[in-house]
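Novice: Okay, so the sequence shown: first residue is 45 according to the numbering used here, each after it adds one.
Ideal Cβ positions, reconstructed from N, Cα and C, are used throughout, including at glycine.
Below you'll find the structure I mean.
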Amino acid sequence: MKLFIKYMVSIRCKMVVKAELDKLGLYYSKVDLGEVDVRGNITPEQRDQLKTTLLKSGLELMDDKRAILIERIKNVIVEMVHYADELPKTNFSDFHSMKLNHDYTYLANLFSEVTGITIERYIIAHKIERAKEFLLYDELNLTEISYRLNYSSVAHLSNQFKKITGLTPTYYKKLKNKKRNELNNV
Numbered sequence: 045m046k047l048f049i050k051y052m053v054s055i056r057c058k059m060v061v062k063a064e065l066d067k068l069g070l071y072y073s074k075v076d077l078g079e080v081d082v083r084g085n086i087t088p089e090q091r092d093q094l095k096t097t098l099l100k101s102g103l104e105l106m107d108d109k110r111a112i113l114i115e116r117i118k119n120v121i122v123e124m125v126h127y128a129d130e131l132p133k134t135n136f137s138d139f140h141s142m143k144l145n146h147d148y149t150y151l152a153n154l155f156s157e158v159t160g161i162t163i164e165r166y167i168i169a170h171k172i173e174r175a176k177e178f179l180l181y182d183e184l185n186l187t188e189i190s191y192r193l194n195y196s197s198v199a200h201l202s203n204q205f206k207k208i209t210g211l212t213p214t215y216y217k218k219l220k221n222k223k224r225n226e227l228n229n230v
């Protein structure tokens, strides 16, 4: 049985979910960003208990099919931008269609309708957050960051960075208090 959990975007969240499943005696084969594969069935009581305990940790057990698909789209983007060693070289629309087994036009229309922004804007926001992270740790130069995030050039990255943050990447790097957004707030 598959469960879908909103706001599960970090390793800490996965640990919280695993601990709660263990407390309830539920066996699982996989806990990924936003998804849990539970072996066997869950009683209504177990489901209610899990829902309540997850809410205390800021996580939400989801039931609505459209909301689940939106969350899956977000999780694919978070995983792709923040946790993959390298962004896919393929077109993002093809990548999403393949990962989620849906036509991209359907995914894009649903996402825009529900969230009020396009998938493309959501991806850009996450790529800029990832760029901030790279700048914060000061391990890569701008050329390496633009390559890692699949930008066509440093200028393209810099233009998007400034459009989103109001700052150039170089100026951001010089700031003493660099501010990053939590992934579920991007």
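Look at the Cβ atom of S101, then the Cβ atom of V60, and state whether they are nearer than 8 Å.
Specialist: Within the sequence shown, the letter at position 57 stands for residue 101. Within the sequence shown, the letter at position 16 stands for residue 60. In contact: S101 and V60 (Cβ atoms closer than 8 Å).
Novice: Given this structure, state the Cα-to-Cα distance separating L180 from E130, to the nearest angstrom.
Specialist: As a position in the sequence shown, residue 180 is number 136, starting the count at 1. As a position in the sequence shown, residue 130 is number 86, starting the count at 1. Using only the alpha carbons, I get a separation of about 19 Å.
Novice: Since F205 and A175 are thought to touch, with beta carbons under 8 Å apart, how far apart are those beta carbons, to the nearest angstrom?
Specialist: The count along the sequence shown starts at 1 and reaches residue 205 at position 161. The count along the sequence shown starts at 1 and reaches residue 175 at position 131. Right, the Cβ-Cβ distance comes to about 6 Å (below 8 Å), so this counts as a contact.
Novice: Tell me, to the nearest whole angstrom, how far the beta carbon of L151 is from that of I163; I am working on the premise that it is less than 8 Å.
Specialist: Here residue 151 corresponds to residue number 107 of the sequence shown, with the count starting at 1. Here residue 163 corresponds to residue number 119 of the sequence shown, with the count starting at 1. About 7 Å; that satisfies the 8 Å criterion.
Novice: Reducing DSSP to helix, strand and coil, say where I161 ends up.
Specialist: As a first step, residue 161 is located in the sequence shown; it is residue number 117 there, counting from the start. In the structure shown, I161 sits in coil (DSSP, three-state: anything other than H, G, I, E or B).
Novice: I need the straight-line Cα distance from I55 to N203, nearest angstrom please.
Specialist: Along the sequence shown, read from residue 1 onward, the residue named residue 55 stands at position 11. Along the sequence shown, read from residue 1 onward, the residue named residue 203 stands at position 159. Whole-angstrom Cα-Cα distance: 31 Å.
Novice: Quick test of the definition: if touching needs 3 or more C-beta pairs under 8 Å, does the region 76-86 touch the region 117-133?
Specialist: Touching, yes.
Novice: Exposed or buried, what is Y195 when buried is set at 16 or more other beta-carbons lying within 10 Å of its beta-carbon?
Specialist: Here the question's residue 195 lines up with position 151 in the sequence shown. Answer is buried; the Cβ neighbour count reaches 16.
Novice: Reducing DSSP to helix, strand and coil, say where L77 ends up.
Specialist: On the sequence shown, position 33 is the one that residue 77 refers to. Residue state, collapsed to three classes: coil.
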